[in-house]
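Asker: For the sequence shown, the positions run -7 to 172 when this note's numbering is used. Where is the CB? At the ideal position from N, CA and C, for every residue including glycine. Since the structure is predicted, the reported quantities are computational estimates derived from the model, not experimental observations. Quick one: structure below, then a few questions.
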Amino acid sequence: MRKWMAAPGLAACLALVALAAACGGEDRPNVDVIEDGGTSSASASGPGTAAPGEVSPKPAGAQQVDVVLREFALEPAVASVKAGEIYFLADNRGPADAHELVIVKTDLAPDKLPVEKGKVSESKVKVVDEIEAFAAKSQASKSVKLSAGTYVLLCNIVETDDGQTESHYELGMRAALRVE
Ligand SMILES: [Cu+2]
-7 MRKWMAAPGL AACLALVALA AACGGEDRPN VDVIEDGGTS SASASGPGTA
43 APGEVSPKPA GAQQVDVVLR EFALEPAVAS VKAGEIYFLA DNRGPADAHE
93 LVIVKTDLAP DKLPVEKGKV SESKVKVVDE IEAFAAKSQA SKSVKLSAGT
143 YVLLCNIVET DDGQTESHYE LGMRAALRVE
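Structural data, given as structure tokens:
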């Protein structure tokens, strides 16, 4: 009985789709809701927004350095590595903000880099590479060849909310990494 009823129902539906999209109409509002949700969440989150990070596989032979990013700390799992290819795997634990991972080669202490308006002057230090800002609760990776020396890992995002400047670097998102 049910099977027999289902067939004409489907046929009627297909016919109506062709005529007036009456059956297909049930799908269309769902699509619109998804699109609206995506748009509004992106615009409502403010300056800290960024796309989720992307993780690529660790190259063979590279040394892995896990780095935790959060409001407001930057914590490499190790203090030193051997010179060579380093695979940085950054884990943004937020809870809310986008963060980045900038790798600077410098003899200066992590908290002594030149700063202008809360931002480390990237033209005055040697930026080796970086993982660009990526969203909270996602991970991002980058492989970088590092020569021996001392490095500072930092997040150089500065947000301005209601005239208040929030420098991730000054709030503590910086750490030393020694390459031997
Ligand atoms: Cu940050």
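Would S133 and V59 be called neighbours here (beta carbons separated by less than 8 Å)?
Answerer: Working through the sequence shown from its first residue, we reach residue 133 at position 141. Working through the sequence shown from its first residue, we reach residue 59 at position 67. Contact: no.
Asker: The beta strand (DSSP E) that contains D83, what's its start and end?
Answerer: The count along the sequence shown starts at 1 and reaches residue 83 at position 91. Per DSSP, D83 belongs to the beta strand (DSSP E) from 76 to 84.
Asker: Are the beta-carbon atoms belonging to A75 and A167 less than 8 Å from one another?
Answerer: For the purposes of this step, residue 75 is identified with residue 83 of the sequence shown, where counting begins at 1. For the purposes of this step, residue 167 is identified with residue 175 of the sequence shown, where counting begins at 1. Cβ distance not < 8 Å, so A75 and A167 don't count as in contact.
Asker: Name, in chain order, the residues that DSSP records as bridge partners for A72.
Answerer: Position 80 of the sequence shown, counted from the first residue, corresponds to residue 72. In the sequence as displayed, the identity of residue 72 is Ser instead of Ala. In the DSSP output, where bridge partners are listed per residue, S72 has R170.
Asker: What does the Cβ neighbour count give for D89, buried or exposed, with the cut at 16 atoms within 10 Å?
Answerer: Here residue 89 refers to the residue found at position 97 of the sequence shown. Its Cβ being crowded by 16 or more others within 10 Å, D89 is buried.
Asker: For a test of the three-state rule: what should DSSP assign to L105, helix, strand or coil?
Answerer: Mapped onto the sequence shown, residue 105 falls at position 113. In the structure shown, L105 sits in coil (DSSP, three-state: anything other than H, G, I, E or B).
Asker: What is the rounded straight-line gap between the Cα of P49 and the Cα of Q131?
Answerer: On the sequence shown, residue 49 is found 57 positions in, with the first residue counted as 1. On the sequence shown, residue 131 is found 139 positions in, with the first residue counted as 1. Cα to Cα, P49 sits roughly 12 Å from Q131.
Asker: Taking 7 Å as the cut-off, is the CB of D83 close to at least one heavy atom of ligand 1?
Answerer: Position 91 of the sequence shown, counted from the first residue, corresponds to residue 83. Every heavy atom of ligand 1 is 7 Å or more from the Cβ of D83, so no.
Asker: Please report the distance separating the alpha-carbon of E162 from that of D99.
Answerer: Mapped onto the sequence shown, residue 162 falls at position 170. Mapped onto the sequence shown, residue 99 falls at position 107. One C-alpha to the other measures close to 18 Å.
Asker: Given this structure, state the Cα-to-Cα distance separating V112 from A43, to the nearest angstrom.
Answerer: For the purposes of this step, residue 112 is taken as the residue at position 120 of the sequence shown. For the purposes of this step, residue 43 is taken as the residue at position 51 of the sequence shown. Between V112 and A43, the C-alpha separation is close to 23 Å.
Asker: Got a sec: does ligand 1 put a non-hydrogen atom nearer than 7 Å to the Cβ of D195?
Answerer: An answer regarding residue 195 cannot be provided, because it is not within the stretch -7 to 172 covered by the chain.
Asker: Between the beta-carbon of I95 and the beta-carbon of E124, is there less than 8 Å?
Answerer: By one-based count along the sequence shown, residue 95 stands at place 103. By one-based count along the sequence shown, residue 124 stands at place 132. Cβ atoms of I95 and E124: not closer than 8 Å.
Asker: On the premise that F64 lies in contact with G155, defined as a C-beta separation below 8 Å, what is that separation, rounded to the nearest angstrom?
Answerer: The residue labelled residue 155 in the question sits at position 163 within the sequence shown. The residue labelled residue 64 in the question sits at position 72 within the sequence shown. That belief does not hold up - the Cβ atoms of G155 and F64 are roughly 19 Å apart, past 8 Å.
Asker: By how many angstroms is the C-alpha of T152 removed from the C-alpha of V171?
Answerer: As a first step, residue 171 is located in the sequence shown; it is residue number 179 there, counting from the start. As a first step, residue 152 is located in the sequence shown; it is residue number 160 there, counting from the start. Spanning the two alpha carbons is a distance of roughly 34 Å.
Asker: Can you list, in chain order, the residues of its chain with a C-beta nearer than 6 Å to that of S159? Leave out the 5 residues immediately preceding and following it.
Answerer: Reading the sequence shown from its first residue, position 167 is the one you call residue 159. Here the set comprises G110, V150.
Asker: Tell me, which residues are paired with G141 by DSSP?
Answerer: Translated into the one-based positions of the sequence shown, residue 141 becomes position 149. According to DSSP, G141 bridges with V171.
Asker: Identify the continuous beta strand (DSSP E) that holds V47 and give its terminal residues.
Answerer: Numbered from its first residue, the sequence shown carries residue 47 at position 55. Neither: V47 is in no beta strand (DSSP E) and is coded neither H nor E.
Asker: Might you give, ordered along the chain, the residues of its own chain that have their beta carbon closer than 6 Å to the beta carbon of A79, omitting 5 neighbours on each side?
Answerer: The residue labelled residue 79 in the question sits at position 87 within the sequence shown. According to the sequence as given, residue 79 is Tyr; it is not Ala. Result list for Y79: K50, A54, Q56, S135, in chain order.
Asker: Output needed for D19: all residues of its chain with C-beta closer than 7 Å, excluding positions within five of it in sequence on either side, in chain order.
Answerer: Taking the sequence shown and counting its residues from 1, the one referred to as residue 19 is at position 27. For D19, the predicted structure reports a pLDDT of 44, less than 50, and the residue's modelled location is therefore unreliable. The matter cannot be settled from this model.
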